[in-house]
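In UniProt numbering, the protein residues as written are 1 to 592. Just so it is clear, CB atoms sit at the ideal spot from N, CA and C, and this is done for glycine as well.
Right under this line is the structure:
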């Protein structure tokens with residue numbers, strides 16, 4: 001006997017054996033049990049999700065010798081004939097190749113005659129959206145009031161192209177793409193009965209590659225069995241699909257944590273040598289980053305029996321939430337744009353290097369210098385030296401401060417010193433070189449850890465403290481690369497400060513930003529900026545005059561000015577008065 005492919009051999013023959021479409025099975029089963037039969041059904045969904053299979057099961061339920069039932073016997077002449085596609089009263093028509101009005105008229109002429117041997121004539125029109133406009137018009141009347149012995153089943157992968165006049169005459173069921181776990185479990189059951197040796201990770205790869213289609217999954221399984229010589233193993237399936245070995249992904253994440261560009265490029269070269277698809281590699285890397293991000297909040301998502309559970313948990317501890325969010329976003333954007341790159345290798349490596357370029361010191365999981373706020377205990381951990389990416393970020397901040405305009409915005413607190421012209425007494429570290437680069441004194445920032453991993457020492461005679469108290473200018477110019485920490489700073493108001501202590505106020509609506517983690521990072525950034533240890537205290541109030549609020553007010557004023565300028569323009573007024581023109585809401589934008 002000739003071999004029959006798995007997709008045909010294991011096609012479900014009853015509602016009970018159909019997987020992944022429980023919502024449709026329940027509705028049809030109840031309708032058959034209660035004898036509430038519609039004259040036309042529309043099944044929609046992507047390829048391989050069970051549209052034709054459901055049509056055949058429904059036809060058997062309507063014509064089974066045991067009567068109209070949700071559980072056809074599968075043994076009578078009608079059930080067997082429908083299974084093999086030889087039942088005279090069940091007609092499957094491919095609308096892609098029989099799409100004209102002549103084909104539709106021929107079908108409708110046959111529909112008026114009573115069934116030859118069954119209870120109903122069932123017409124299944126596949127890819128119905130391919131019919132011409134004339135063919136749709138020809139079937140409208142019959143579809144609305146068909147003979148009592150006729151049932152129509154329409155199937156399509158693109159319901160948007162089906163006229164609404166057809167949709168309104170049908171009972172619609174949307175067949176969903178199946179979950180990877182559902183496909184994996186079904187493949188395990190089939191291969192167990194087929195007595196095929198398999199590895200669970202291999203079936204998971206096939207399920208993901210099938211993209212929700214059970215038929216595609218069974219076809220890929222057939223291919224994997226042939227490729228692996230009657231076995232389905234992970235290494236064979238990865239080679240067959242061009243999928244990436246998970247060890248490469250773990251090495252990539254470790255290199256990102258270490259900011260090791262050389263290691264990243266070496267791994268990319270190894271992947272290129274093995275002809276691994278870089279588009280699928282970015283897709284798998286994004287999936288791994290998603291798993292790590294979820295596992296940080298809920299470690300139980302990684303199964304206890306997962307072979308790489310300890311590796312994944314270790315990576316979770318080495319990455320901050322900000323790093324994972326940044327890497328994931330860059331990864332999916334790189335996957336989207338890889339087709340625009342000169343070649344896939346260039347697109348892949350540039351995506352990895354972009355992850356390093358946008359990484360900031362605030363994202364490092366190491367603990368900051370000892371800080372305190374609101375009575376919290378001081379941490380004894382010292383800050384680790386800057387990576388290459390962090391050094392570049394620090395240098396950029398120094399240059400930005402050197403060329404920034406010294407004009408401050410309206411200060412929120414009276415400055416302790418009348419002017420800022422005299423340079424402050426140099427801190428007893430190697431900061432004099434950095435101060436000599438500009439006329440305005442620059443507080444040494446992230447370049448200090450290059451000389452020492454310890455925080456700036458507090459001497460017997462600390463450096464004089466000179467700052468005008470312009471909190472908004474400090475946030476915009478020096479705390480702009482801290483991610484969510486900057487959002488915390490933007491929504492805080494400076495209450496008071498001196499050389500050793502700073503008090504901030506945050507509104508009730510934004511108090512969720514004042515977590516211990518973000519306060520530690522903000523305190524660390526302030527320590528680095530002022531080159532001294534500052535005790536940070538935060539108060540919660542109903543509202544605060546914060547930089548974010550000031551910016552919102554300024555934007556609103558600019559918007560009002562722009563709207564007034566447009567409405568007062570004589571040309572615009574003429575258009576509105578003479579031609580009845582109106583201004584589209586929210587279409588007016590200020591120029592600056």
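Rounded straight-line distance, which links the Cα of residue j to that of residue i
i	j	result
residue 141	residue 31	24 Å
residue 227	residue 7	17 Å
residue 165	residue 93	21 Å
residue 170	residue 162	11 Å
residue 193	residue 186	11 Å
residue 247	residue 85	48 Å
residue 268	residue 358	19 Å
residue 538	residue 576	52 Å
residue 590	residue 552	14 Å
residue 121	residue 60	11 Å
residue 486	residue 12	57 Å
residue 522	residue 479	9 Å
residue 78	residue 2	25 Å
residue 71	residue 18	12 Å
residue 150	residue 110	10 Å
residue 261	residue 252	10 Å
residue 223	residue 178	20 Å
residue 22	residue 53	14 Å
residue 493	residue 475	11 Å
residue 339	residue 234	28 Å
Where residue i sits in the DSSP three-state scheme
i	result
residue 318	helix
residue 455	No answer about residue 455 holds up, because its pLDDT of 49 lies below 50 and its placement is not dependable.
residue 327	helix
residue 300	helix
residue 190	helix
residue 18	coil
residue 583	coil
residue 117	coil
residue 168	coil
residue 332	helix
Continuous alpha helix (DSSP H) stretch holding residue i: start and end
i	result
residue 67	Here residue 67 belongs to no alpha helix (DSSP H), and DSSP marks it neither H nor E.
residue 593	Residue 593 is absent from the structure shown; the chain starts at 1 and stops at 592.
residue 79	77 to 84
residue 235	234 to 241
residue 520	516 to 530
residue 266	261 to 273
residue 110	101 to 111
residue 223	214 to 227
residue 471	471 to 478
residue 162	From DSSP, residue 162 is part of no alpha helix (DSSP H); its letter is neither H nor E.
residue 97	It is not in any alpha helix (DSSP H) - residue 97 carries neither H nor E in the DSSP assignment.
residue 568	Neither: residue 568 is in no alpha helix (DSSP H) and is coded neither H nor E.
residue 201	200 to 210
Pair within 8 Å by beta-carbon distance, residue i and residue j
i	j	result
residue 292	residue 316	yes
residue 113	residue 152	no
residue 128	residue 154	yes
residue 653	residue 544	Coverage of the chain is limited to positions 1 through 592, which leaves residue 653 absent and any answer about it impossible.
residue 29	residue 15	yes
residue 244	residue 275	no
residue 250	residue 349	no
residue 471	residue 547	yes
residue 115	residue 39	no
residue 232	residue 167	no
N- and C-terminal bounds of the beta strand (DSSP E) containing residue i
i	result
residue 122	121 to 126
residue 156	150 to 156
residue 597	Residue 597 cannot be examined here, being either before or after the span of the chain that is shown, 1 to 592.
residue 43	40 to 44
residue 502	501 to 507
residue 92	90 to 94
residue 173	171 to 174
Beta-carbon contacts of residue i that lie in its chain and below 7 Å, excluding the five residues immediately before and after
i	result
residue 263	255
residue 572	566
residue 148	none
Close beta carbons around residue i, own chain, < 8 Å, minus the five adjacent residues each side
i	result
residue 296	316, 319, 321, 324
residue 68	32, 35, 37, 61, 62, 119
residue 219	5, 6, 7
Neighbourhood of residue i by C-beta, 6 Å cutoff - its chain only, sequence neighbours within 5 removed
i	result
residue 352	264
residue 503	495, 496, 537
residue 354	330
residue 588	562, 563, 566
residue 341	347
residue 91	123
residue 582	none
The ligand NAP heavy atom lying under 7 Å from the CB of residue i
i	result
residue 175	Of ligands this structure carries none, so the ligand NAP is not represented either.
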